[in-house]
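Peer 1:
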Amino acid sequence: MSGLADQQAALVAALTSGGAVPAGIDGARFEAARVALLRKRAGEVARQWPMLAAGHGTRWKLTFAEWAATRPSQGSLRDGWDLARDLAARDALPAVAAVELAEREVAWHYNGRNAPSSRRGPALRATGGAVAVQLSGRVWTLRRPS
Amino acid sequence: MADTPPPYGVGIGWRPEIAGFVEGLPGLRFAEVVAESVHAHGELPPGLQVLLDRGVTVVPHGVRLSLGGAEPVDPERVTHFAAVAERLDAPLVSEHIAFVRAGGVEAGHLLPLPRTREAVDAVVANVRRVREQIPVPIALEPIAALFDWPDEELTEAQFIGEILDRSGALLLLDIANVYANARNRGTDPLELLDQLPLDRVAYVHVAGGAEHQGLYHDTHTDAVPQPVLDLVGELSARQRPPALMLERDGDYPPAAALTAELDAIARASGYPSVT
Numbered sequence: 001m002s003g004l005a006d007q008q009a010a011l012v013a014a015l016t017s018g019g020a021v022p023a024g025i026d027g028a029r030f031e032a033a034r035v036a037l038l039r040k041r042a043g044e045v046a047r048q049w050p051m052l053a054a055g056h057g058t059r060w061k062l063t064f065a066e067w068a069a070t071r072p073s074q075g076s077l078r079d080g081w082d083l084a085r086d087l088a089a090r091d092a093l094p095a096v097a098a099v100e101l102a103e104r105e106v107a108w109h110y111n112g113r114n115a116p117s118s119r120r121g122p123a124l125r126a127t128g129g130a131v132a133v134q135l136s137g138r139v140w141t142l143r144r145p146s
Numbered sequence: 001m002a003d004t005p006p007p008y009g010v011g012i013g014w015r016p017e018i019a020g021f022v023e024g025l026p027g028l029r030f031a032e033v034v035a036e037s038v039h040a041h042g043e044l045p046p047g048l049q050v051l052l053d054r055g056v057t058v059v060p061h062g063v064r065l066s067l068g069g070a071e072p073v074d075p076e077r078v079t080h081f082a083a084v085a086e087r088l089d090a091p092l093v094s095e096h097i098a099f100v101r102a103g104g105v106e107a108g109h110l111l112p113l114p115r116t117r118e119a120v121d122a123v124v125a126n127v128r129r130v131r132e133q134i135p136v137p138i139a140l141e142p143i144a145a146l147f148d149w150p151d152e153e154l155t156e157a158q159f160i161g162e163i164l165d166r167s168g169a170l171l172l173l174d175i176a177n178v179y180a181n182a183r184n185r186g187t188d189p190l191e192l193l194d195q196l197p198l199d200r201v202a203y204v205h206v207a208g209g210a211e212h213q214g215l216y217h218d219t220h221t222d223a224v225p226q227p228v229l230d231l232v233g234e235l236s237a238r239q240r241p242p243a244l245m246l247e248r249d250g251d252y253p254p255a256a257a258l259t260a261e262l263d264a265i266a267r268a269s270g271y272p273s274v275t
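Residue numbers (UniProt numbering), protein chains in the order written: chain A, 1 to 146; chain B, 1 to 275.
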């Protein structure tokens, strides 16, 4: 690896995975950039997952930033999906976000590693107290969490 | 000169959220679209097609090529970029002097390069790879950075100048980045303007930002501050660029506020209003 490749890899690791700030870079300024990046990512995920963000209200950016601090971006669609699944597994997914997640789980196939793709067959999913069904591309919510 | 094309004047970054507003600008002749947001072959977003049909020049602006990455630019990304440029019939394309991924990890953001000769070599090599697939000129945009690398070998003007000279690229000058960097480094933005090759400016970005805890952030989601408009005036007095465009990326204000910002850019640059 060249010097530049090493420098760049260390910087990205520090920004996205909590690695050490590369020597010689101002720590306070680096921290400001890291926080700004998480805030920007939170805004991008909110556009893809409006109910996930809305369900958290004013705590959204903080919730996302805590979760994303050591998780490099996989794109805002996948980031929001992964976070929603994590929250659902911990019974911490807001009700409106559970409906949003369930509706996507039935419409798309997402294995947590690759880009989501449209489902070809029908699907029924329950997540976070919400239940959704998809038939021939049409989605119905059968149950909303109380 | 008789064969110099007429300048485009004031433009705007096309975004789906403000497509209706942009479509309603009667004098618009120049716009930019994020290249990665356009399908290479599928249908164009309706608002964008309307602009093209009207003869508005639409430039694809790449944000994910990572031209400053130590590794070669991803050929698939270049192919997509080229296809979009062709679809838009763009007279030029643009990207950043920055990197966005390293070691297989996405940063999710434009990151600054160390101003070293090795970094100049990396950018120049990647621009060459892009130009093998894209026949139209490419303009390169220096970014706003909240921090600098240690042990830099070149000043910002030298770094930009060397990259442009060796790659043959044009300059996409973001005047808000000039302001942000100067303010955060405590340097004089006019000094940088005087050192840059202004005759190579293809077009100019104008954007808003905000201060947080003593640092100015180039957010694109806040209003354009007066000092940035003042720099538009300073730049235009030195050499007026062929086009200047408002770059807004979120927290979209009411149409009247966007109109006011476009008109302010027109006044500061001496171009006619497009609203």
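Even for Gly, the Cβ is constructed at its ideal location relative to N, Cα and C.
Taking the beta carbon of B:S167 as the centre, do at least 16 other beta carbons fall within 10 Å, making it buried, or is it exposed?
Peer 2: Answer is buried; the Cβ neighbour count reaches 16.
Peer 1: If we define contact as Cβ-Cβ less than 8 Å, is B:H103 a contact residue for chain A?
Peer 2: According to the sequence as given, residue 103 of chain B is Gly; it is not His. Yes, contact with chain A.
Peer 1: So, helix, strand or coil for residue 280 of chain B, using DSSP?
Peer 2: Nothing in the structure corresponds to residue 280 of chain B, since chain B is present only between 1 and 275.
Peer 1: Roughly how many angstroms separate the alpha carbons of B:A2 and B:G161, rounded to a whole number?
Peer 2: Confidence is the limiting factor: at B:A2 the pLDDT is only 46, short of 50, which leaves the residue's position unreliable and the question unanswerable from this model.
Peer 1: Does the Cβ of B:Q133 have 16 or more other Cβ atoms within 10 Å, making it buried, or fewer, making it exposed?
Peer 2: Looking at its Cβ environment, which holds fewer than 16 other Cβ atoms inside 10 Å, B:Q133 is exposed.
Peer 1: According to a CB-to-CB cut-off of less than 7 Å, which residues of the segment 26-37 of chain A neighbour chain B?
Peer 2: Within the segment 26-37 of chain A, the residues whose Cβ lies closer than 7 Å to some Cβ of chain B are D26, R29, F30, A32, A33, A36 and L37, listed in chain order.
Peer 1: For A:G43, report the span of its alpha helix (DSSP H) as first-last.
Peer 2: A:G43 -> alpha helix (DSSP H) spans G27 to Q48.
Peer 1: Is the Cβ-Cβ distance between B:H220 and B:G208 less than 8 Å?
Peer 2: In this structure, B:G208 lies closer than 8 Å to B:H220 by Cβ.
Peer 1: Counting only runs of 3+ residues fully inside the segment 86-172 of chain B, write out the beta strand (DSSP E) ranges in chain order.
Peer 2: Correct list: 93-97, 99-102, 105-111 and 138-142.
Peer 1: Say the cut is 7 Å; is the CB of A:G75 nearer than that to a heavy atom of the ligand SAH?
Peer 2: The ligand SAH is not part of the structure shown, which contains no ligands of any sort.
Peer 1: Express the C-alpha separation of A:L15 and B:R115 in angstroms, rounding to a whole number.
Peer 2: So the alpha carbons of these two residues sit roughly 20 Å apart.
Peer 1: Please return the same chain residues whose Cβ sits closer than 8 Å to the Cβ of A:S136, not counting the five positions on each side in sequence.
Peer 2: So the list reads P122, once near-sequence residues are dropped.
Peer 1: With which residues is B:Y203 paired in a DSSP beta bridge?
Peer 2: B:L172, per the DSSP bridge assignment.
Peer 1: Mind checking if A:K40 is an interface residue toward chain B, Cβ cutoff 8 Å exclusive?
Peer 2: Answer yes: the Cβ-Cβ gap between A:K40 and chain B drops below 8 Å somewhere.
Peer 1: Starting from the N-terminal side, write out each stretch of the beta strand (DSSP E) that is 3 residues or longer and does not extend beyond the segment 58-141 of chain A.
Peer 2: Complete beta strand (DSSP E) runs here, min 3: 123-127 and 130-135.
Peer 1: Taking 8 Å as the CB-CB limit, is B:E118 close to chain A?
Peer 2: Taking Cβ atoms only, chain A reaches closer than 8 Å to B:E118, which makes this a yes.
Peer 1: Taking all protein chains shown into account, do 16 or more other C-beta atoms lie within 10 angstroms of the C-beta of residue 201 of chain A, making it buried, or fewer, making it exposed?
Peer 2: Limits of chain A in this structure are 1 at one end and 146 at the other, which puts residue 201 of chain A out of reach.
Peer 1: Could you tell me whether the segment 83-93 of chain B touches the segment 34-47 of chain B, using the rule of 3 or more Cβ pairs below 8 Å?
Peer 2: The answer is yes - the segment 34-47 of chain B touches the segment 83-93 of chain B, with three or more Cβ pairs under 8 Å.
Peer 1: Cα separation between B:D222 and A:R144?
Peer 2: Spanning the two alpha carbons is a distance of roughly 37 Å.
Peer 1: Would you decide whether A:G18 is buried or exposed? Buried here means 16 or more other CB atoms lie within 10 Å of its CB.
Peer 2: Result: exposed.
Peer 1: Listing by chain order, which chain A residues have their CB less than 8 Å from the CB of B:W14?
Peer 2: Within chain A, no residue comes near B:W14; the closest Cβ sits about 16 Å away, beyond 8 Å.
Peer 1: Beta-carbon of B:H39 versus every beta-carbon of chain A: anything under 8 Å?
Peer 2: B:H39 does not count as touching chain A.
Peer 1: Could you round the C-beta distance between B:V123 and B:L171 to whole angstroms and report it? I think they count as a contact, below 8 Å.
Peer 2: In fact, because the Cβ distance is near 13 Å, the residues do not count as touching under 8 Å.
Peer 1: B:V73 and B:V130 look like a contact to me (Cβ under 8 Å); what is the Cβ gap, rounded to whole Å?
Peer 2: Right, their Cβ atoms sit about 6 Å apart.
Peer 1: Any residues in the segment 76-110 of chain B with a beta carbon nearer than 8 Å to a beta carbon of chain A? Which ones, in chain order?
Peer 2: Here the close residues are F99, R101, A102, G103, V105, E106, A107, G108 and H109.
Peer 1: Does the beta carbon of A:G43 sit closer than 8 Å to a beta carbon anywhere in chain B?
Peer 2: Taking Cβ atoms only, chain B reaches closer than 8 Å to A:G43, which makes this a yes.
Peer 1: Which of the three DSSP states is assigned to B:V73 in this structure?
Peer 2: Looking at B:V73 - three-state DSSP - the assignment turns out to be coil, as it is neither helix nor strand.
Peer 1: Distance, Cα to Cα, B:A98 vs A:K61?
Peer 2: Answer to the nearest angstrom: the Cα atoms are 26 Å apart.
Peer 1: Could you tell me if A:P94 is buried or exposed, where buried requires 16 or more neighbouring beta carbons within 10 angstroms of its beta carbon?
Peer 2: The residue is buried, with at least 16 neighbouring Cβ atoms inside 10 Å.
Peer 1: Identify which residue in A:V35, A:L4 and A:T127 has its Cα closest to the Cα of A:R85.
Peer 2: The shortest C-alpha separation from A:R85 is found at A:T127.
Peer 1: Can you tell which of B:A182, B:A125, B:N177 and B:A83 has its C-alpha closest to the C-alpha of B:L164?
Peer 2: For the residues B:A182, B:A125, B:N177 and B:A83, the minimum Cα distance to B:L164 belongs to B:A125.
Peer 1: I need the DSSP call for B:G11, collapsed to helix, strand or coil.
Peer 2: B:G11 falls in the strand class under three-state DSSP.
Peer 1: With distances taken Cα to Cα, identify the nearest neighbour of B:R240 among B:G250, B:R267, B:D218 and B:T259.
Peer 2: Of the listed residues, the one whose Cα sits closest to B:R240 is B:R267.
Peer 1: Any beta-carbon of chain A closer than 8 Å to the one on B:P72?
Peer 2: False, the Cβ-Cβ gap to chain A never drops below 8 Å.
Peer 1: For the beta strand (DSSP E) holding B:E234, just list the boundary residues, first then last.
Peer 2: First-last for B:E234: Q226 to R238, but that is the alpha helix (DSSP H), not the beta strand (DSSP E).
Peer 1: With distance defined between alpha-carbon atoms, name the residue in B:I12, B:L229 and B:V58 nearest to B:G270.
Peer 2: For B:G270, the nearest C-alpha among the options comes from B:L229.
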